[in-house]
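S.K.: Numbering (the numbering used here), first residue to last: 60 to 112.
From the three backbone atoms N, C-alpha and C, an ideal C-beta is built for every residue, glycine too.
The structure displayed is predicted, hence computed values, not measured ones.
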Amino acid sequence: MGKDYGTLLMKNIEAQISEKYDKAYLDASLPALALFERLGFATVRNERYLMEN
C-alpha cells in the first residue's frame, strides 16, 4: 500500500552522495531497517540507547 516515497528519496540522496564519496555510513532506527536492507545497505553494528519516555 506504500507509495515508495522513502525509496525515491533514498535513491536521490544516494545519487547525490555518490557524486562526491565512495562510501556512506548512516544511523538508522529499527523501524527503518527494512527499507535500508531493501536498498542494499548492510548492518555494520547494532547499538542500544536508553531513552526516557
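1) Which residues mark the beginning and the end of the alpha helix (DSSP H) in which Thr66 is found?
2) Taking just the CA atoms, how far does Ala91 sit from Leu68?
3) Find out if the Cβ-Cβ distance for the pair Ile76, Ala87 is shorter than 8 Å.
4) Along the chain, where does the alpha helix (DSSP H) containing Phe95 start, and where does it finish?
M.R.: Straight from the coordinates:
1) 64-77
2) 13 Å
3) no
4) 92-97
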